[in-house]
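Numbering (this note's numbering), first residue to last: 3 to 520. These notes are about the structure you will find just below.
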RNA sequence: GCGCCCGUAGCUCAGUGGACAGAGCGUCGGCCUCCGGAGCCGAAAGUCGAAGGUUCGACUCCUUCCGGGCGUACCA
């Protein structure tokens, strides 16, 4: 059954063709491609080759579909499919009848996203922005597909770094030198001067910094539905509980005055300390409690982590296996590589020493939310990201954000010029599309499959590429065809509305606005 | 040393085994009596880091090697 089974969008031709191929070949999750230049046809399949069956047999079966006009066998057994016009028109009607639902789904399981989760000891920097952009956009895609999504912020408000924060604030307040490995920089001075010198300074400073984090993230278009504190897990004895359970399962050992989790029995390189010989819990111990808690609350967990935490993955997975969660729950850990800031050809220093780092606030102030979010998703999370502040600000077609937003504004402008609103377009207006519209319709029809791919690969960056192609496909089409005043004005306006809706939807999924004028 | 990620056009990067490897930028050359030129069209540009292997078929999977980044705490 296709991933779209629950949506009821049965008129989508790619689904019908896929299902037919899967039925004939017994293959699962086959993919359709586009024939290479020089070959005719709209879609192409290698399924006969892959399944080792006679391509003619599959081609004949496909010919029986209403959506298929004809098929051709090419090369070693590829089948090139030409779609019927009705199938293409149906697709546009589908988009127009419920734009927001196109490619979406309903009633799926609960997914819990953990993202950013920075220590409350300093401002969020540009790297956190990448994590937030990836996590929030992926969360939006999951929501669109029908999942019940929770965005959660886990606050590491215990441990050495919090004590150091308190000490740093205290030193500043008393006009003393900040400790060697303490926190400095302008932000900490501001916080110190805004706090009373009595009470729990580390707690007060941490809360203040956390509020700053949420403020920044809100400006970045990211809103959380839940915040959890490491200190609460400790206070509520949840860390003790999980360690007790580990002991009972025979998963621990004592060595050198510390308590260890036997994670090497579950594919980790080494055993890991849970309770230090001074009696304190490690970060890992509270993380086990936290992930145990998350596993009770959701079917599918997604953690967005900076690549510098990759060494942590195996021990967490080891914990998941040892508690039997691994079989029942899906745990995705999305790692993202670092961000290199540039200004034109100049590298911007990212040293964290002495508080000299580029904060997310600074980037937002300089380039704005739309450009920042778009740029953060221009690369696969596996690749380092080169972020050019100069380009992000540029108001020209060199800047992909403007290029895409412009295509949206341009379509809005055409409707203004014609003097009608988008609501005036009816799905039935798509009736009678011509061959000139073929390419662009096929491109739009692929949107739901792109969303599936984003979902399957945890790869929201595919959307930025799709958006650039959407804009380009539209501009090319619009350059060759007359819309207002043409014989096919009604059909073409309907098509433009469909393009506009898909671009708006996709921009929304990456948290970028779709302006009607620029 | 070990582990993870990366190595594809001058630059930045797409490409979850299939037909001749793609895009943006940059370079060069075209297109504004015409709905937004913030646009479009064309050209030059590649031994997909190297070598083996698996396969009817490899940028993609496996092995080894060479570069670069990041980890490798009783820190978080």
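Glycine is no exception: its CB is placed at the ideal position from the N, C-alpha and C atoms.
Exercise. Between the beta-carbon of residue 1 and the beta-carbon of residue 136, is there less than 8 Å?
Worked result: Because the chain is modelled from 3 through 520, residue 1 falls outside the range shown and cannot be assessed.
Self-check item: Residues of its chain near residue 464, where Cβ-Cβ distance is below 7 Å and the 5 sequence neighbours each way are ignored
Solution: 452, 455, 456
- Task: Provide the residue(s) that pair with residue 342 in DSSP beta bridges, ordered along the chain.
- Result: 388
Check: Buried or exposed: residue 493, going by 16 or more other Cβ atoms within 10 Å of its Cβ?
Finding: buried
On the three-state DSSP scale, how would you describe residue 156? strand
- Given a cut-off of 8 Å, decide if residue 64 and residue 81 are closer than it, judged by their beta-carbon atoms. yes
For residue 251 and residue 204, which I take to be in contact (beta-carbon distance under 8 Å), what is that distance rounded to the nearest angstrom?
The Cβ separation is near 35 Å, so there is no contact.
| message | Runs of 3 residues minimum, wholly inside the segment 109-196: which ones carry the beta strand (DSSP E) assignment? | response | 112-116, 150-157
Taking 8 Å as the threshold, find out whether the segment 124-132 comes into contact with the segment 178-192 through three or more Cβ pairs.
yes
**Q.** N-terminal and C-terminal residue of the beta strand (DSSP E) that residue 257 is part of
**A.** 254-257
**Prompt:** Is the Cβ-Cβ distance between residue 180 and residue 170 less than 8 Å?
**Reply:** yes
Next item on the list: List the endpoints of the continuous alpha helix (DSSP H) containing residue 490.
Entry: Here residue 490 belongs to no alpha helix (DSSP H), and DSSP marks it neither H nor E.
Worksheet item: So, residue 60 versus residue 27, is the Cβ gap smaller than 8 Å?
Response: yes
Pop quiz: residue 523 and residue 83 are said to be a contact at Cβ under 8 Å. What is the actual Cβ separation, rounded to whole angstroms? Because the chain spans 3 through 520 in this model, residue 523 falls outside it and cannot be assessed.
Q. Would the segment 279-292 and the segment 234-247 be scored as touching if the rule is three or more Cβ pairs under 8 Å?
A. yes
Output yes or no for whether 8 Å exceeds the beta carbon distance between residue 1 and residue 128.
The question about residue 1 has no answer here: the residues shown for the chain are numbered 3 through 520.
- [ ] For residue 284, name the three-state secondary structure that DSSP assigns.
- [x] coil
Less than 8 Å separating the beta-carbons of residue 448 and residue 516?
no
Using only CA atoms, which one of 288, 90, 272 lies nearest to residue 231?
288
For residue 1 versus residue 114, is the C-beta spacing smaller than 8 Å? No information on residue 1 is available, as it lies outside the stretch 3 to 520 that the chain covers here.
Q) In its own chain, which residues sit with a C-beta less than 6 Å from the C-beta of residue 356, not counting the 5 before and 5 after it? A) For residue 356, the pLDDT reaches just 42, beneath the cut-off of 50, and the residue's location in the model is therefore unreliable, leaving the point undetermined.
Check: Smallest Cα separation from residue 350: which of 53, 391, 285, 23?
Finding: 391
Would you check if the distance between the CB atom of residue 133 and the CB atom of residue 118 is smaller than 8 Å? yes
| Using 8 Å as the Cβ pair cut-off and three pairs as the minimum, do the segment 382-401 and the segment 338-347 touch? | yes
Review point. With burial defined as no fewer than 16 other Cβ atoms inside 10 Å of the residue's Cβ, what is the status of residue 367: buried or exposed?
Key: exposed
Q.
Taking its Cβ as the centre, do 16 or more other Cβ atoms sit within 10 Å of residue 312, making it buried, or is it exposed?
A. exposed
Are the segment 210-230 and the segment 267-281 touching by the rule of at least three beta carbon pairs closer than 8 Å? no
Query - Sub-8 Å separation of residue 330 and residue 303 beta-carbons - result: no
Exercise. At what residues does the beta strand (DSSP E) containing residue 518 begin and finish?
Worked result: Looking at the DSSP string, residue 518 is not in any beta strand (DSSP E), and its letter there is neither H nor E.
Based on the DSSP secondary-structure assignment, which residues constitute the bridge partners of residue 349?
344
Practice problem: Helix, strand or coil for residue 446, going by three-state DSSP, please let me know. | Solution: helix
Check your understanding: Using DSSP with H/G/I as helix, E/B as strand and the rest coil, what is residue 466?
Key -> helix
* To the nearest angstrom, how far is it from the Cα of residue 207 to the Cα of residue 167? -> 7 Å
Quick one, which of 345, 343, 272 has its alpha-carbon nearest residue 314's?
272
Open item on the list: I'd like the span of the alpha helix (DSSP H) that includes residue 94, first residue to last.
Closed with: 87-99
_Less than 7 Å between C-beta atoms, sequence neighbours within five positions excluded: which residues of the same chain meet that for residue 185?_
123, 124, 166, 167, 170
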